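Read the structure below first, then the notes.
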Amino acid sequence: AAAAAAAAAAAQRAEEEEAARLAAEREAAEAAARVAAETAAAKEVERLAAEQMAKEKASELAEMKAQAAEEVATQAAAKAKEAKEEHAAAEVASKAATKTATDKQKALSKAVKAEAAAKESVEAFEAQLAKAQEQLVKKLADRAAAEVLEKATAEMAAEEAPPPPARG
1 AAAAAAAAAA
11 AQRAEEEEAA
21 RLAAEREAAE
31 AAARVAAETA
41 AAKEVERLAA
51 EQMAKEKASE
61 LAEMKAQAAE
71 EVATQAAAKA
81 KEAKEEHAAA
91 EVASKAATKT
101 ATDKQKALSK
111 AVKAEAAAKE
121 SVEAFEAQLA
131 KAQEQLVKKL
141 ADRAAAEVLE
151 KATAEMAAEE
161 APPPPARG
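Residue numbers for the sequence shown follow full-length UniProt numbering, beginning at 1 and rising by one.
Rendered as C-alpha cells:
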C-alpha cells in the first residue's frame with residue numbers, strides 16, 4: 001500500500017512537472033511572438049522614418065528618426081535575447097523534470113524489487129520454520145517413545161526378577 005501511494009505521488013509530481021514544463025514553453029513561445037511583433041513594428045518605424053526623411057530632406061530630422069529606429073531595434077534585439085534565454089531556461093526545466101520522472105520510476109522499480117525479495121525471504125524463513133517444527137515434533141515423539149520403551153522395559157524386568165526372600 002505504501003509503495004502504491006508512493007507510486008501515485010510520484011506520478012502526480014511527474015504530471016505537475018510536465019504541466020510546469022509546458023507552461024514554461026508556452027511562455028517562451030509567447031515571448032518570441034511578442035519579440036517578432038515588436039521587430040515588425042520596429043521595421044515599420046524604420047520604413048516610415050526613411051519615407052519621411054526623403055519627403056522632408058531634412059538631415060537633422062532624418063538623423064533623429066534613425067536614432068529612434070536604432071533604439072527600437074536595440075530594444076527588440078534585447079527582448080529577442082531575453083526570449084531566447086527564457087526558452088533555454090524552459091528547456092533546462094523540461095530536461096530536469098524528465099530526469100526527475102525517470103529517477104522516480106527507477107526508485108519505484110527498485111522498491112517493487114525489494115518488496116518481492118522481502119516476500120521471497122519471508123517465504124523461505126516460513127519454510128525453514130515449518131521444517132524446524134517438523135523436526136522438533138519428530139524429536140519429541142522419538143523421546144516420548146523412548147521413555148515409554150524404557151518404562152516398559154523396567155516393568156518387565158521387575159516382573160521377571162525373583163521375589164526377595166521372605167524374612168520371618
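Cβ atoms here follow ideal geometry from the backbone N, Cα and C, with glycine treated the same way. For clarity, every value in this text was computed on a predicted model and none was experimentally measured.
Cα-Cα separation, residue i to residue j
{"i": "residue 28", "j": "residue 67", "result": "29 angstroms"}
{"i": "residue 158", "j": "residue 135", "result": "34 angstroms"}
{"i": "residue 123", "j": "residue 22", "result": "47 angstroms"}
{"i": "residue 81", "j": "residue 116", "result": "53 angstroms"}
{"i": "residue 110", "j": "residue 149", "result": "58 angstroms"}
{"i": "residue 59", "j": "residue 74", "result": "22 angstroms"}
{"i": "residue 145", "j": "residue 156", "result": "16 angstroms"}
{"i": "residue 143", "j": "residue 161", "result": "27 angstroms"}
{"i": "residue 127", "j": "residue 4", "result": "28 angstroms"}
{"i": "residue 137", "j": "residue 151", "result": "21 angstroms"}
{"i": "residue 153", "j": "residue 167", "result": "28 angstroms"}
{"i": "residue 147", "j": "residue 139", "result": "12 angstroms"}
Cβ pair residue i, residue j closer than 8 angstroms
{"i": "residue 86", "j": "residue 31", "result": "yes"}
{"i": "residue 17", "j": "residue 100", "result": "yes"}
{"i": "residue 33", "j": "residue 108", "result": "no"}
{"i": "residue 15", "j": "residue 79", "result": "no"}
{"i": "residue 13", "j": "residue 95", "result": "no"}
{"i": "residue 93", "j": "residue 2", "result": "no"}
{"i": "residue 77", "j": "residue 46", "result": "no"}
{"i": "residue 72", "j": "residue 42", "result": "yes"}
{"i": "residue 54", "j": "residue 65", "result": "no"}
Exposed unless 16 or more other CB atoms sit within 10 angstroms - verdict on residue i
{"i": "residue 119", "result": "exposed"}
{"i": "residue 35", "result": "buried"}
{"i": "residue 106", "result": "exposed"}
{"i": "residue 9", "result": "exposed"}
{"i": "residue 112", "result": "exposed"}
{"i": "residue 57", "result": "exposed"}
{"i": "residue 83", "result": "buried"}
{"i": "residue 97", "result": "buried"}
Residue i: CB within 7 angstroms of a non-hydrogen atom of the ligand GDP
{"i": "residue 8", "result": "In terms of ligand content, the structure shown is empty, and the ligand GDP therefore cannot be addressed."}
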